[in-house]
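Asks: Here's a structure for you.
Protein chains: 2
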Amino acid sequence: MGSIKVMVNGMPGNMAVNVAKQTLQDERFELIHHSLTGPEIADTEYFIDSAKIMLIKPAARDQAITEIKQKEGFFVSVDYTHPSAVNGNAEFYCRIGLPFVMGTTGGDRKRLLDTVSASSIPAVIAPNMAKQIVGFQAMMEYASNTFPGLFEGYTLEIKESHQKGKADTSGTAKAMVAYFNKMGINFPEQDILKERDIEVQKTRWGIPQEYLGGHGWHTYTLVSNDKTVRFEFTHNVNGRDVYAKGTLDAILYLSKKVNASTMGTVFTMADVLKGN
Amino acid sequence: MGSIKVMVNGMPGNMAVNVAKQTLQDERFELIHHSLTGPEIADTEYFIDSAKIMLIKPAARDQAITEIKQKEGFFVSVDYTHPSAVNGNAEFYCRIGLPFVMGTTGGDRKRLLDTVSASSIPAVIAPNMAKQIVGFQAMMEYASNTFPGLFEGYTLEIKESHQKGKADTSGTAKAMVAYFNKMGINFPEQDILKERDIEVQKTRWGIPQEYLGGHGWHTYTLVSNDKTVRFEFTHNVNGRDVYAKGTLDAILYLSKKVNASTMGTVFTMADVLKGN
Chain A
69 MGSIKVMVNG
79 MPGNMAVNVA
89 KQTLQDERFE
99 LIHHSLTGPE
109 IADTEYFIDS
119 AKIMLIKPAA
129 RDQAITEIKQ
139 KEGFFVSVDY
149 THPSAVNGNA
159 EFYCRIGLPF
169 VMGTTGGDRK
179 RLLDTVSASS
189 IPAVIAPNMA
199 KQIVGFQAMM
209 EYASNTFPGL
219 FEGYTLEIKE
229 SHQKGKADTS
239 GTAKAMVAYF
249 NKMGINFPEQ
259 DILKERDIEV
269 QKTRWGIPQE
279 YLGGHGWHTY
289 TLVSNDKTVR
299 FEFTHNVNGR
309 DVYAKGTLDA
319 ILYLSKKVNA
329 STMGTVFTMA
339 DVLKGN
Chain B
69 MGSIKVMVNG
79 MPGNMAVNVA
89 KQTLQDERFE
99 LIHHSLTGPE
109 IADTEYFIDS
119 AKIMLIKPAA
129 RDQAITEIKQ
139 KEGFFVSVDY
149 THPSAVNGNA
159 EFYCRIGLPF
169 VMGTTGGDRK
179 RLLDTVSASS
189 IPAVIAPNMA
199 KQIVGFQAMM
209 EYASNTFPGL
219 FEGYTLEIKE
229 SHQKGKADTS
239 GTAKAMVAYF
249 NKMGINFPEQ
259 DILKERDIEV
269 QKTRWGIPQE
279 YLGGHGWHTY
289 TLVSNDKTVR
299 FEFTHNVNGR
309 DVYAKGTLDA
319 ILYLSKKVNA
329 STMGTVFTMA
339 DVLKGN
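What follows is the structure in structure tokens.
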């Protein structure tokens, strides 16, 4: 088996650069030295060490992609762009016939799924590429379906910490609230304790200095009403490597699906985890 | 619906007394004031507040149970006795036709299941009656079956603390090792860190003084090989109330099964949790 060609769109964004770096270091992949970028980006190229990546603006993308397809043959596209670009990019990939991994959050998600379903390509679409966190969420979903009311009479505390720039509450924490509700705990989303203060993150949470700019820490604490039982679940992610690694797994999975001629199908990270 | 009559065997043992106490305080149950006890017990009666419980030695149990059945009609038996009594007691319950909840651990578990299967009664048999912990174990089992290899490349630490008298390693921790192994972590059972030192439990674990004599604390920590991801799962139980409450749920469940004329069937706490 040869290596899989990958085009990572969204450079010079953090996640796109991180995934591109990983593909450069990994023999299973070959990075295409082009990346779709936003209309607001002034630079025309971006360097990852000595690798020069040409940045392609929306106006130039149709012609550029035709040339890239001609030169490279089959490749997988990865999208870490911007919520405002999600739907437009998906329609572009589908129109050109480019199987893609969508790691960008936001946009109209329903329309995103419909776009792929009506197309001739398969895609992996996942708001969270961290495999182990996706697995943990699946565990909680399973419990909430299988044992509704399991934690009746328990009180819940949820706290999360993310880099200062993240304005909204953690999507993972919100998804977990829905599972805990099903398990018998009356807990509204707005009770999630959201930490964005760098000083508190350093001193009280113990988050390492180098990850203050990029982390996702979550702790869920359940206490029985007689206070004799305490459950605590924690998942702490520093940096973005785990998401990049999950993206690589999604690329491998998608390329298998392309070989099996799977058309118009949306896969999730749970599918990638199951691997079938 | 009237209250359910319950005979709790194993007094004056801690768990039997705890369950009996709970039934005395709970209108859904009516405690039968007799309890099977071991041959080594000198006392012939035991007081829970003002309630006098007659203790029945093995030699006297056949005659006593005939009289109790005549007087009380239908009742559910609960067994918190001794590992050495598990199989003999189960055979006794089956011979007399007494549906039972077996909370006693140990004995020949295969023979125990066979005894019930060949009988005309249903039974709930569960080495762990804490509903939420059973639910958590089921979650991990689900993940290990659905996502084998989920934690590949992770290191694991398991530590547990129990009262000084507990000689063996936590059975729950051992069950969890099997799930983690399936999820890709090479971790042998003997690496479980077992705390039985009262001073360490007090000072380093922060276990409350009043629960040093009866607690089960467990923490599982998973760290990715690049150290950027950390999962931690904790379940801490103080005292025995959660097990007693789970036992009450098992009694309710079993009595429904008796009404539905379910014969020769073994149910687990997972069945009780699902409630169907």
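Taken in order, these protein sequences are the chains called A and B. If you're matching positions, the first sequence starts at 69 in my numbering and goes up one per residue. If you're matching positions, the second sequence starts at 69 in my numbering and goes up one per residue. Backbone N, C-alpha and C fix where the C-beta goes; we use that ideal spot for every residue, glycine too. Given the structure is predicted, the values throughout are model-derived calculations rather than measurements.
1. Have a look at A191/B and T240/B and give me their C-alpha separation to the nearest angstrom.
2. Just the Cα atoms here: how many angstroms apart are S187/B and V297/A?
3. Is the shortest distance between the beta-carbon of M207/A and the beta-carbons of chain B less than 9 Å?
4. Mind listing which residues of the segment 213-225 of chain B have their C-beta closer than 7 Å to chain A's C-betas, in chain order?
5. When the distance is taken between beta carbons, is N77/A closer than 9 Å to S103/A?
6. Cα-Cα, which of N213/B, F299/B, F115/B and T91/B is closest to A312/B?
7. Is it the case that the Cβ atoms of M251/A and F215/A are separated by a distance below 9 Å?
8. Indicate whether S238/A and E228/A have their beta-carbon atoms separated by less than 9 Å.
9. Looking only at C-alpha atoms, which of I100/A, V85/A, H286/A and Y114/A sits nearest to G171/A?
10. Quick one: is K325/A buried, meaning 16 or more other Cβ sit within 10 Å of its Cβ, or exposed?
11. Taking C-beta pairs closer than 9 Å, name the residues in chain B that K234/A reaches, listed in chain order.
12. Taking the continuous beta strand (DSSP E) assigned at N65/A, which residues delimit it?
13. Counting along the chain, where does the beta strand (DSSP E) carrying A191/B start and finish?
14. Closest to R177/A by C-alpha separation, out of N157/A, D339/A and I136/A, would be which residue?
15. Using beta carbons (cut-off 9 Å, strictly below), is G171/B in contact with chain A?
16. Report the three-state DSSP secondary structure of T315/A (helix, strand or coil).
17. Going by the DSSP bridge assignment, what does V144/A pair with across the sheet?
18. In chain A, which residues lie with their C-beta within 9 Å of the C-beta of E300/B?
19. Return the residue from the list R264/B, E257/B and D130/B that minimises the CA-CA distance to A235/B.
20. Return the residues of the segment 331-342 of chain A that lie within a Cβ-Cβ distance of less than 9 Å from chain B, sorted by chain order.
21. Entirely within the segment 185-219 of chain A and at least 4 residues each: give me those alpha helix (DSSP H) ranges in chain order.
22. Considering only residues of the same chain and omitting the five flanking positions on each side of G332/A, which have a CB-CB separation below 8 Å?
23. With a cut-off of 8 Å, do at least 3 Cβ pairs link the segment 96-110 of chain B to the segment 132-145 of chain B?
24. From the DSSP output, in three-state form, read off E159/B for me.
25. For a quick check, are the C-beta atoms of V305/A and G274/A less than 9 Å apart?
26. For Q93/A, would you say it is in contact with chain B, using Cβ-to-Cβ distances shorter than 9 Å as the test?
27. How close, in whole Å, do the beta carbons of G203/B and L316/B come, if the pair is a contact with beta carbons under 8 Å?
28. Nearest by alpha-carbon distance to G282/B: which of F299/B, G307/B and Q269/B is it?
29. List the residues of chain A that A211/B touches, going by C-beta distances under 9 Å, in chain order.
30. Check E278/B in the structure and name its three-state DSSP category.
Replies: Taking the coordinates as given:
1. Those two C-alpha atoms are separated by around 22 Å.
2. The alpha-carbon atoms of S187/B and V297/A are separated by roughly 36 Å.
3. yes
4. T214, F215, L218 and F219
5. In contact: S103/A and N77/A (Cβ atoms closer than 9 Å).
6. T91/B
7. yes
8. yes
9. Ranking I100/A, V85/A, H286/A and Y114/A by Cα distance to G171/A puts V85/A first.
10. buried
11. Correct list: empty, because the minimum Cβ distance to chain B is about 18 Å.
12. Since the first and last residues shown for chain A are 69 and 344, residue 65/A lies out of range.
13. Run containing A191/B: A191 to I193, per the beta strand (DSSP E) assignment.
14. N157/A
15. no
16. Three-state result, T315/A: helix.
17. According to the DSSP secondary-structure assignment, V144/A is paired through a beta bridge with V74/A.
18. T287, E300, F301, T302, H303 and N304
19. For A235/B, the closest C-alpha among the options R264/B, E257/B and D130/B is that of R264/B.
20. A338, L341 and K342
21. 199-214
22. V184, S185, A186, S187, S188, I189 and P190
23. Enough Cβ pairs lie closer than 8 Å, so yes.
24. helix
25. no
26. no
27. At roughly 17 Å, the Cβ-Cβ gap does not stay under 8 Å, so G203/B and L316/B are not in contact.
28. G307/B
29. G203, F204, A206, M207 and Y210
30. helix
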